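Residue numbers (this note's numbering): 1 to 206.
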Amino acid sequence: MKLIYAPTSPFVRKVMAVALEVGLAGKLEIEFNPASPLQRDPALVDYNPLGKIPALVLDDGSVLFDSPVICEYLAASVGDTALFPAAGPARWAALTQQALGDGLLDAAIANRYETVVRPEATRWPGWTTAQLAKITGALDRIEALAPELQDAVTIGTITLGCALGYLDFRYAHLNWREGRPQAAAWFAAFDERPSMAATRPREHVA
């Protein structure tokens with residue numbers, strides 16, 4: 001299997017963390033792609049017509065995208081039922097937590113494009129305000145959920161961990177831990193898991 005990858009992507013991090021949790025990381029061939037939001041890379045579009053990472057090229061040549069699909073495939077391929085519990089309350093909770101983390105990341109990345117990629121003269125402050133409100137709302141929900149996240153290792157907690165790690169990486173100025181002691185304590189412990197420690201975001205060095 002080949003993973004189309006960038007080390008700064010929190011969605012790629014989620015896939016790599018799952019691969020480590022289920023023992024498949026060593027079977028992944030890694031192919032770097034920067035996946036610019038402005039310039040479509042023909043090589044990447046061949047894998048994913050949306051021009052987004054991650055994408056997973058299977059041994060038969062078929063391609064899976066994006067991170068929720070890839071993560072569930074990796075877990076299912078080894079018969080894991082912990083990261084993606086069987087149908088029932090635990091599954092819906094894990095999938096909802098995944099959606100919360102992915103939504104936080106969508107807002108954070110959309111705002112980063114607005115404030116870093118878009119020319120300063122055409123930036124829209126209202127857009128930034130709206131995205132930061134989504135991030136704040138998600139963080140407050142994570143604080144409320146923190147007691148039930150303890151000792152859980154699911155696609156939900158992995159996604160939330162990757163989302164909080166991305167805020168540390170790109171939004172340190174937000175001081176997201178302030179006023180959220182339970183989320184901060186949970187993340188401090190969860191981020192030390194081997195799968196999380198090994199996948200912390202870093203800039204690509206050619």
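No residue lacks a Cβ here, since even glycine has one placed at the ideal position from N, Cα and C.
Just so it is clear, the structure is predicted and the values come from calculations on it, not from any experiment.
Query	Result
Close-in-space but distant-in-sequence residues of the same chain around D80 (CB under 7 Å, 5 per side omitted)	V22
N-terminal and C-terminal residue of the beta strand (DSSP E) that F169 is part of	From DSSP, F169 is part of no beta strand (DSSP E) but of the alpha helix (DSSP H) over I155 to R170.
Bridge-paired residues (DSSP) for Y5	F32
Classification of N111 by the beta-carbon crowding that lies within 10 angstroms, buried from 16 upward	buried
Spatial distance of A94 from D151 (CA atoms)	13 Å
Inter-residue CB distance, L74 and V12 (contact presumed, cutoff 8 Å)	That pair is no contact at about 13 Å.
Nearest residue (CA-CA) to Y166, options A86, N33 and I109	I109
Environment of F65 [buried if 16+ CB atoms lie within 10 Å]	buried
Outcome for V205 when other beta-carbon atoms lying within 10 angstroms are tallied against a minimum of 16	Per-residue confidence for V205 stands at a pLDDT of 45, beneath the threshold of 50, marking its modelled position as unreliable; the derived number appears in the next sentence. V205 is exposed by the Cβ-count criterion.
Segments assigned beta strand (DSSP E), at least 3 residues, entirely inside the stretch 14-90	29-32 and 55-57
Which of helix, strand or coil DSSP assigns to A178	Here residue 178 is Glu; the residue named in the question, Ala, does not match the sequence. E178 falls in the coil class under three-state DSSP.
Short Cβ contact (9 Å threshold) for Q97 with L149	yes
DSSP state of E114 mapped onto helix, strand, coil	helix
Pick from W176, V153, R91 and R170 that is closest to S195, judged by C-alpha positions	V153
Collapsed DSSP secondary structure at T129 in the structure displayed	helix
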